[in-house]
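J.:
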Amino acid sequence: MLLRQNMMKNALKLCGVGLLSSAAMFASANADQRLESLMADYWDGYLNQNPLQANLNGDMRHSDKLGRVDGQGRAEAQQLLDESLKQLKTVKFDQLSAQQKVNFQLFDWMLRHERRTLDFDWHYYTFTTYSGWHDGFARSAPRVRIKNEQDAKNYIKRLAAFEKFADDNMALMREGIRTANTQPCETLVGYEEGIRGYIKPVEDSAFYGPLKKLPATIDAKAQEKLKTDAKAVIAKHVLPKYQAYLDFYLEDYQPACRKVVGISSVNNGGELYDHFVKYYTTVDTDADAVHKIGQSEVKRIREEMKAIMQEVKFDGDFKAFLNFLRTDPQFYPKTEIGYMAAAAAIAKDMDGKLPEYFSYLPRNPYGIEKVPAQIAPKVTPAYYQRGAADGTRAGKYFLNTYDLKSRALYELPALTLHEAVPGHHLQISIQNELQNLPEFRRFYYFHPFGEGWALYAEYLGEEMGMYNTPYERFGRLTYEMWRALRLVVDTGMHAKGWTRQQAIDFMVNNSALSLHNITTEVDRYITWPGQALSYKMGELKIRELRQFAEKELGGKFDLREFHTQVLTNGAVPLSVLEQLIKEWVAEQKAAA
Numbered sequence: 001m002l003l004r005q006n007m008m009k010n011a012l013k014l015c016g017v018g019l020l021s022s023a024a025m026f027a028s029a030n031a032d033q034r035l036e037s038l039m040a041d042y043w044d045g046y047l048n049q050n051p052l053q054a055n056l057n058g059d060m061r062h063s064d065k066l067g068r069v070d071g072q073g074r075a076e077a078q079q080l081l082d083e084s085l086k087q088l089k090t091v092k093f094d095q096l097s098a099q100q101k102v103n104f105q106l107f108d109w110m111l112r113h114e115r116r117t118l119d120f121d122w123h124y125y126t127f128t129t130y131s132g133w134h135d136g137f138a139r140s141a142p143r144v145r146i147k148n149e150q151d152a153k154n155y156i157k158r159l160a161a162f163e164k165f166a167d168d169n170m171a172l173m174r175e176g177i178r179t180a181n182t183q184p185c186e187t188l189v190g191y192e193e194g195i196r197g198y199i200k201p202v203e204d205s206a207f208y209g210p211l212k213k214l215p216a217t218i219d220a221k222a223q224e225k226l227k228t229d230a231k232a233v234i235a236k237h238v239l240p241k242y243q244a245y246l247d248f249y250l251e252d253y254q255p256a257c258r259k260v261v262g263i264s265s266v267n268n269g270g271e272l273y274d275h276f277v278k279y280y281t282t283v284d285t286d287a288d289a290v291h292k293i294g295q296s297e298v299k300r301i302r303e304e305m306k307a308i309m310q311e312v313k314f315d316g317d318f319k320a321f322l323n324f325l326r327t328d329p330q331f332y333p334k335t336e337i338g339y340m341a342a343a344a345a346i347a348k349d350m351d352g353k354l355p356e357y358f359s360y361l362p363r364n365p366y367g368i369e370k371v372p373a374q375i376a377p378k379v380t381p382a383y384y385q386r387g388a389a390d391g392t393r394a395g396k397y398f399l400n401t402y403d404l405k406s407r408a409l410y411e412l413p414a415l416t417l418h419e420a421v422p423g424h425h426l427q428i429s430i431q432n433e434l435q436n437l438p439e440f441r442r443f444y445y446f447h448p449f450g451e452g453w454a455l456y457a458e459y460l461g462e463e464m465g466m467y468n469t470p471y472e473r474f475g476r477l478t479y480e481m482w483r484a485l486r487l488v489v490d491t492g493m494h495a496k497g498w499t500r501q502q503a504i505d506f507m508v509n510n511s512a513l514s515l516h517n518i519t520t521e522v523d524r525y526i527t528w529p530g531q532a533l534s535y536k537m538g539e540l541k542i543r544e545l546r547q548f549a550e551k552e553l554g555g556k557f558d559l560r561e562f563h564t565q566v567l568t569n570g571a572v573p574l575s576v577l578e579q580l581i582k583e584w585v586a587e588q589k590a591a592a
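Note that the numbering used here has the sequence shown beginning at 1, numbered continuously upward.
1) Specify whether the segment 543-554 and the segment 136-147 touch according to this definition: at least 3 beta carbon pairs, one from each stretch, less than 8 Å apart.
2) Within this structure, are the beta carbons of R483 and E462 separated by less than 8 Å?
3) Reducing DSSP to helix, strand and coil, say where A586 ends up.
4) Give the secondary structure of F398 by DSSP, where H, G and I count as helix, E and B as strand, and everything else as coil.
5) When we look at the beta-carbon of R363 and count the other beta-carbons within 10 Å, is it buried (16 or more) or exposed?
6) Please go through the same chain and pick out, in chain order, the residues whose beta-carbon is closer than 8 Å to the beta-carbon of S511, but skip the five residues on each side of it.
7) Taking all protein chains shown into account, do 16 or more other C-beta atoms lie within 10 angstroms of the C-beta of D59, making it buried, or fewer, making it exposed?
8) Examine the Cβ distances between the segment 451-459 and the segment 416-426 and report whether three or more of them are shorter than 8 Å.
9) Could you check where the alpha helix (DSSP H) with K551 kicks off and where it finishes?
10) Please return the same chain residues whose Cβ sits closer than 7 Å to the Cβ of H62, not counting the five positions on each side in sequence.
11) Confirm, please, whether the CB-CB distance from W528 to T128 is below 8 Å.
12) Does P210 come out as helix, strand or coil in the three-state DSSP assignment?
13) Between the segment 114-130 and the segment 273-284, can you find at least three pairs of beta-carbon atoms closer than 8 Å?
14) Looking only at its chain, what residues have a beta carbon closer than 6 Å to the beta carbon of Q385, apart from the 5 residues adjacent to it on each side?
15) State whether the segment 404-416 contacts the segment 330-349, with contact taken as three or more CB pairs (one from each stretch) at a distance under 8 Å.
16) Just to confirm, is the Cβ distance from A160 to A206 under 8 Å?
17) Kindly indicate the opening and closing residues of the alpha helix (DSSP H) around E192.
18) Measuring alpha carbon to alpha carbon, tell me which of V489, D505, I156, I195 ends up nearest Q531.
19) In this structure, what does DSSP give as the bridge partners for K101?
20) In chain order, what residues of the same chain lie with their CB nearer than 6 Å to the CB of W109, ignoring the 5 residues before and after it?
21) Have a look at Y525 and I195 and give me their C-alpha separation to the nearest angstrom.
22) Compare the beta carbon distance of V202 and A256 with 8 Å and say whether it is the shorter of the two.
23) Rounded to the nearest angstrom, what separates L404 and E336 at their Cα positions?
24) Per DSSP, what kind of secondary structure is Q374 in: helix, strand or coil?
25) Let me make sure I understand the geometry here. Which of D558, H494, F449, G269 has the alpha-carbon closest to that of K536?
26) So, with DSSP's three-state summary, where would you put G475?
27) To the nearest angstrom, how far is the alpha carbon of S359 from that of A171?
28) Between the segment 387-396 and the segment 311-320, can you find at least three pairs of beta-carbon atoms closer than 8 Å?
29) Since I believe Q374 is in contact with G197 (beta carbons under 8 Å), could you give me their beta-carbon distance rounded to a whole number of angstroms?
30) Could you give the C-beta distance for A344 and I368, rounded to a whole number, given that I count them as a contact under 8 Å?
31) Between A592 and the rest of its own chain, which residues show a CB-CB distance below 7 Å, the 5 nearest in sequence each way excluded?
32) Out of G71, G67, L81, which has the shortest C-alpha to C-alpha gap to W43?
33) On the criterion of 16 or more Cβ atoms from any shown chain inside 10 Å, does E356 qualify as buried, or is it exposed?
34) Ordered along the chain, which non-local residues of its own chain (more than five positions away) have a Cβ less than 7 Å from that of I301?
35) Along the chain, which unbroken stretches of the alpha helix (DSSP H) at least 4 residues long are found entirely within the segment 311-362?
36) Just tell me which of I293, E472, D168, F248 has its CA closest to the CA of E311.
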């Protein structure tokens, strides 16, 4: 009898556990679905507000319009963020599944930091020396995919919308002049050429490019009408606005430029820079701490540079060695074609080495192109443009061939690894393909992860045998030094009162970068505060986590699997990356 009673009690306990377990699972499923719905709604709203970004991602739903930058557009952006944050508070974090808890953390981080940016006057800064609304529109044209007549009509509607888009951007800049929110004078020398370069005869303009060769599925008569309509719209609504912008820039904006380079000199600028330090590092830090990290890294890397100087038996001091590297013709390409071919050869060599170091490789290919001539003088040595998520557009590694005497060949391996593979193209293309992630995680760019990974890729090139001479190894160190210098000069100018010349001198004295590259870079840091902090801060964290995993796992450490763990979660804040890697290490140790 007693046995039967105990059995009955145990059965009732098990039944209760089962009911509790089922209830917990149901609550978790509901919480997961609620979060998924919120994330999807936000991202859909964001893409509706940012059609050019949608098209870059491969989403062509909004290809007939441009985003609003006027007061109503900013109000709509704020409303979307505020409502999403409000709704996110209704999601019970403790009821989420493990994967959705990570999604929650990232979604919350993104919403809070994007919303915080709107508290400042940053919207008045409609351009940097690196990019702006006028070239963003022009550079979007080659990405337009016209498959049928409706696609062409949508593009023509977007061309017509440019008139208001341009007027609204210039209105913002006028308000920036009124409120003393303008870019510094020293950074603006020659900037007008980047505007003037887009003013060409209609059929030679970037804007007409997508209409030049229409698909055969559109009949000849319709093609002719589409081309005629497009030419008329470009002539009436686009090119006159580029001329108007050039006139406005030269007559109104440039004379009102800011006299002090640091963003802390403007109203609430110090608070804005504090925000950008956290935004572009994704960690709770400040300018002083970042500045000190930079100084420490500069000292360490300089010693490694000196070791290579001794290895090549250079007869002279460090300053003389840097001058030798900057000026000796043997280190510089003679032709654009030769420079592009050298980059292609490095990329091909690296492609063959990838399977040894990576178990997950993206499907989307990439190509190498020259930086467009109209922006090349003010743009950095190279940049990457992501391919379409659906694979219909390859990634592109844009190489700057302007002023070849400033493009050191010994730096080219590090540059190519950073922009192509295993750097930006590998990381971003894998992220594009992660169908298990919510849309915002596939496309939102956490800067220290993306830039930190690309700098880590340069470092990885040492192990992969990609630096064939001491000078190429020095080139790799030059690029690492470049990113360490950024921590010092960016915080120096924006938080410590440094002048532009102080920043230039500091970089000249500690790297072999050409003076053209250095001045271009410093102007970029001035006009885009904080972004340059991403690279070194991200790389330091990735290398730190690799060292942690190697130490904890010993002989069971698998580098290919480590790379898979870093890359297949998509881009994440550095604190989340640390959490994920430490969880993976713990799982590996438990399994052993």
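Quick reminder that beta carbons are idealized off the backbone N, C-alpha and C, glycines included.
Since the structure is predicted, the reported quantities are computational estimates derived from the model, not experimental observations.
T.: With the structure as the only source:
1) With contact defined as three or more Cβ pairs closer than 8 Å, the segment 543-554 and the segment 136-147 are not in contact.
2) no
3) helix
4) strand
5) exposed
6) L322, T478, M481, W482, L485, I518
7) buried
8) yes
9) 534-553
10) L47, N48, P51, A54
11) Yes, they are a contact pair.
12) helix
13) The segment 273-284 vs the segment 114-130: in contact.
14) K396
15) yes
16) no
17) 192-196
18) V489
19) In the DSSP assignment, K101 forms no beta bridge with any residue.
20) Once the five neighbours on either side are set aside, the close Cβ partners of W109 are P573.
21) 21 Å
22) Not closer than 8 Å, so no.
23) Between the alpha carbons of L404 and E336 lies a gap of roughly 7 Å.
24) coil
25) F449
26) helix
27) 51 Å
28) no
29) The beta-carbon distance between G197 and Q374, rounded to whole angstroms, is 2 Å. This is short enough to meet the 8 Å contact definition.
30) 6 Å
31) Taken in chain order, the residues that qualify are K556.
32) By alpha-carbon distance to W43, the top candidate from G71, G67, L81 is L81.
33) Exposed: under 16 other Cβ atoms inside 10 Å.
34) L477, E480, M481, A484
35) Within the segment 311-362, the complete alpha helix (DSSP H) runs of at least 4 residues are 318-327, 336-357.
36) E472
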